[in-house]
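Student: Let me give you the structure first, and then I'll get to my questions.
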Amino acid sequence: MFSLMSKSRLFFLVAFSLMVMGCSSLPEELNANSEQVVTDYQEWVNTVPDAGDVRLGGVIAKVTNLQDKTRVEVVNMPISSSGKPDIDAEPKGRFVAYIDGYVEPLSFAEGRLVTLVGTSNGTEDGIIGDYPYTFPVMNVYNQRLWKITERVVINDFVPTYYSCRSLHCRSFQTMPQHGRVIQDVE
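Residues in the sequence shown are numbered from 387 upward in steps of one, following the working numbering.
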């Protein structure tokens, strides 16, 4: 029924599809309650009263534990399809997220990356330094904290010469080595 060629094509197509879905899948804790989720900050700001469910991320700027909920102020950064904030992008604004109950300030520390899922809940006026600011507000029902991991990549492709006299050899590198630090969000 199927030739060997078509079976191998089908196998590679299925394997490739599974690999792509595994690489860009959204973590379960970032699933929203509805199909229509706003993931763009500017789109949310333009439709705040009736935006519905929102999924946004960024850097935590301030955490305040109130009597029955926690107020988290977040500097918005665009998120990828897997929900991770893009650390190379410029911030686009700020928003306030309310999480039911107590949140440990050491876990939600200033400067930590977070992605929040919740329902849009209007705006609130506040101050950043001395500047008055209107924050869009969300009531959070799912969240994910991220950490930045760093790794060093050294480019070892420099010319190397070996000087040998009898049994003793030494290597001489004629150019400096170059490396870079790569940051990943996990």
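Every residue, glycine too, gets a C-beta built ideally from N, C-alpha and C.
Nothing here was measured: the structure is a model prediction, and the numbers come from that model.
CB Gly-443 to CB Pro-471, shorter than 8 Å?
Tutor: Locating residue 443 in the sequence shown gives position 57, where the first residue counts as 1. Locating residue 471 in the sequence shown gives position 85, where the first residue counts as 1. Yes, these two residues count as a Cβ contact at 8 Å.
Student: Residue range of the alpha helix (DSSP H) that Gln-428 falls in?
Tutor: Against the sequence shown, residue 428 aligns to sequence position 42. Looking at the DSSP string, the run of the alpha helix (DSSP H) that includes Gln-428 is 427-432.
Student: Under a three-way DSSP split, which group does Leu-416 fall into?
Tutor: The sequence position of residue 416 within the sequence shown is 30, counting from 1. Three-state result, Leu-416: helix.
Student: Give the DSSP bridge partners of Ala-447, in chain order.
Tutor: The residue labelled residue 447 in the question sits at position 61 within the sequence shown. Paired residues: none, contrary to the question.
Student: Do Val-523 and Tyr-484 have their beta-carbon atoms positioned less than 8 Å apart in this structure?
Tutor: Within the sequence shown, the letter at position 98 stands for residue 484. Within the sequence shown, the letter at position 137 stands for residue 523. Cβ atoms of Tyr-484 and Val-523: closer than 8 Å.
Student: Looking at C-beta atoms only, is the number of pairs between the segment 492-507 and the segment 440-456 that lie closer than 8 Å three or more?
Tutor: yes
Student: Taking Asp-474 as the reference, which of Asn-462, Phe-481, Thr-520 has the closest Cα?
Tutor: Start at 1 with the first residue of the sequence shown, and residue 474 comes out as number 88. The shortest C-alpha separation from Asp-474 is found at Asn-462.
Student: For Ile-473, which beta-bridge partners are listed by DSSP?
Tutor: Taking the first residue of the sequence shown as position 1, residue 473 is located at position 87. DSSP output for Ile-473 lists no bridge partner at all.
Student: Does Tyr-427 pass the burial test, meaning 16 or more other C-beta atoms within 10 Å, or should it be called exposed?
Tutor: Counting from 1 along the sequence shown, the entry for residue 427 is found at position 41. Tyr-427 is buried by the Cβ-count criterion.
Student: Using only CA atoms, which one of Phe-521, Pro-491, Asp-570, Glu-421 lies nearest to Thr-450?
Tutor: Position 64 of the sequence shown, counted from the first residue, corresponds to residue 450. Answer by Cα proximity: Pro-491.
Student: If I measure Cβ to Cβ from Ser-493 and keep anything under 6 Å in the same chain, skipping five residues before and after, which residues do I get?
Tutor: Looking up residue 493 in the sequence shown gives position 107. So the list is empty, once near-sequence residues are dropped.
Student: Which term fits Ser-411, buried or exposed, when burial requires 16 or more other beta carbons within 10 angstroms of its beta carbon?
Tutor: Here residue 411 refers to the residue found at position 25 when the sequence shown is read from its first residue. By the neighbour-count rule (16 or more Cβ atoms within 10 Å), Ser-411 is not buried but exposed.
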